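Right, one structure below, let's go through it.
Protein chains: 2
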Amino acid sequence: MIRALTFDTYGTVVDWRTSVLDELRALADRKVLRLDSVLFLDEWKAAYRPGMDDVNRGARPWTTVDAIYRRRLVELLPKHGVSLATDEIDALTRVWWRLRPWPDALAGLRRLKRRYILSPLSNASFIGMVELARWAGLPWDCVITAENARCYKPRPEVYRTAITLLGLAPAEIMMVAAHNYDLAAARGEGMATAFVPRALEYGTGQTTDLAPAQAWDVVAADFEDLATRLGC
Amino acid sequence: MIRALTFDTYGTVVDWRTSVLDELRALADRKVLRLDSVLFLDEWKAAYRPGMDDVNRGARPWTTVDAIYRRRLVELLPKHGVSLATDEIDALTRVWWRLRPWPDALAGLRRLKRRYILSPLSNASFIGMVELARWAGLPWDCVITAENARCYKPRPEVYRTAITLLGLAPAEIMMVAAHNYDLAAARGEGMATAFVPRALEYGTGQTTDLAPAQAWDVVAADFEDLATRLGC
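Sequence order for the protein chains is A and B. If you're matching positions, the first sequence starts at 1157 in this note's numbering and goes up one per residue. If you're matching positions, the second sequence starts at 1157 in this note's numbering and goes up one per residue.
Rendered as structure tokens:
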């Protein structure tokens, strides 16, 4: 019945938080700076949802998350007393292309790939997902992101773009995400849903998305468990 | 300078002709039919370019090559005295998703992938390219096809879609093709060009695309030679 799996990526497949924190701390060491990396990341990441919402409600033309993050970075650096050259700012923005998969992710994806078509369905830029996949070894069969629809999840156009490109019935595609809002939108388009909670995505104090908000088709502990539940 | 390579696929990466002929002959054996497989394939393939041109000039709405081939197949089968059930027609249409790579293709692509982002830029349907890549083991980093632009090569929108999605300057992307018309269109958008002739694409009597029609940036004997010329 299910022929393809589409994956939210930031948080669901990769652990963006500790990956970015490591690079911020390495930057601070290299530059001999005192930098509150956790605060810096919180303030950086805080640009993500409002930047996408601006695009979704038409307040801004299509803007990639790379551009959203770069714009915020340029604002944040002086506020935190950090001075970087343009090429250093570019390189730091691309930290979002170098994020470690959760420990179970690669093994689970490799098992799932034997039986299912695997694609991201992420708010990443297209090239950002391509580079992340190359860096992290994510075994996608193709790449579909918000950029293919030129708007962001949870707008229905994003899910519809994936359904159209994959040439399948919505129910033949399962959205896999650690975020209930993403699965709710996918279900709204008729897709199957799998919830894989990532209780440490936002660190040890995380209070959201710890449990399924609806009766999703599958709830799995991690990607290895997902593979088992889907017969791989 | 070059960061990504985009590949024409039918004819350039895979040998569609002998792959389809093998399946037509196997079908004739299985059904105990007398079928002129070469003539049948010629007549089937003849639907390809006119079907795409109809879309490009607006005479038809967006139609995948899968749908173009299926429509022609339904016309051709009775003409050749072949009676197939609907599921058999569907399966035979999908022969275009099961095409053997040329002998040098996989080894060349694997070498090129170490250094460059690899994507198809094909007139295939998106799912057709995904399925072909899974079947043939093509190591793409992503999939971009005419379906992403909803028109066909050599329309400039197809090349521009790839350039935009890859987030690169046109000159950072090299189009690789066995067909001069494809490279001419890519060059028209500012892309770099590599010609890899496939003298047997149409069988031993082929008279077209045996030599470069312009001074392309690279002319390579095959994909291994291309990898060597591009420093892999």
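Even for Gly, the Cβ is constructed at its ideal location relative to N, Cα and C. Quick caveat: nothing in here was measured; it's all calculated off a predicted structure.
For the alpha helix (DSSP H) containing residue i, list its first residue and its last residue.
i         : result
A:Ile1224 : 1221-1235
A:Ile1319 : 1312-1322
A:Lys1309 : From DSSP, A:Lys1309 is part of no alpha helix (DSSP H); its letter is neither H nor E.
A:Pro1157 : Note that residue 1157 of chain A corresponds to Met in the displayed sequence, not to Pro. First-last for A:Met1157: undefined, no H or E at that position.
A:Val1238 : First-last for A:Val1238: undefined, no H or E at that position.
A:Gly1207 : 1204-1212
B:Leu1195 : 1193-1201
Just checking: is the beta-carbon of residue i within a distance shorter than 9 Å of some beta-carbon in chain A?
i         : result
B:Trp1296 : yes
B:Met1285 : yes
B:Ala1289 : yes
B:Asp1246 : no
B:Asn1304 : yes
B:Leu1255 : no
B:Leu1197 : no
B:Ile1158 : no
B:Val1221 : no
B:Leu1324 : yes
From residue i to residue j, what distance separates their C-alpha atoms?
i         : j         : result
A:Arg1266 : A:Asp1297 : 11 Å
B:Arg1190 : B:Pro1234 : 13 Å
B:Arg1149 : B:Asp1378 : There is simply no residue 1149 of chain B to check, as chain B begins at 1157 and stops at 1388 in what is shown.
A:Arg1216 : B:Glu1380 : 45 Å
A:Pro1295 : A:Ala1289 : 7 Å
A:Asn1336 : B:Pro1206 : 46 Å
A:Thr1219 : A:Val1211 : 7 Å
B:Leu1324 : A:Met1157 : 38 Å
B:Glu1313 : A:Thr1360 : 47 Å
A:Met1208 : A:Val1221 : 7 Å
B:Ala1333 : A:Trp1253 : 30 Å
A:Ile1273 : A:Leu1322 : 9 Å
A:Arg1306 : A:Gly1214 : 11 Å
B:Gln1370 : B:Met1347 : 14 Å
A:Gly1237 : A:Arg1181 : 15 Å
At which residues does the beta strand (DSSP E) containing residue i begin and terminate?
i         : result
B:Val1332 : 1329-1333
Report the partner residues of residue i according to the DSSP bridge assignment.
i         : result
A:Tyr1166 : A:Val1170
A:Pro1257 : A:Val1170
B:Val1375 : B:Phe1351
Can you tell me whether residue i sits near the ligand FMN, meaning its C-beta is under 8 Å from at least one heavy atom of the ligand?
i         : result
B:Lys1235 : Only the bare structure without any ligand can be found here, which leaves the ligand FMN out of the picture.
Could you check whether the Cβ of residue i sits closer than 9 Å to any Cβ belonging to chain B?
i         : result
A:Ser1281 : yes
A:Ile1224 : no
A:Ile1273 : yes
A:Leu1321 : yes
A:Val1211 : no
A:Val1299 : yes
Nearest chain C C-beta to residue i closer than 9 Å, yes or no?
i         : result
A:Thr1174 : No chain C appears in the structure shown, which is made up of the protein chains A and B.
Runs of 4 residues minimum, wholly inside the region 1260-1304 of chain A: which ones carry the alpha helix (DSSP H) assignment? If we require 4 residues or more, the alpha helix (DSSP H) runs fully inside the region 1260-1304 of chain A come out as 1261-1269, 1282-1292.
Alpha helix (DSSP H) runs contained entirely in the region 1331-1362 of chain A, provided each spans 4 or more residues: Here the runs fully enclosed are 1336-1344.
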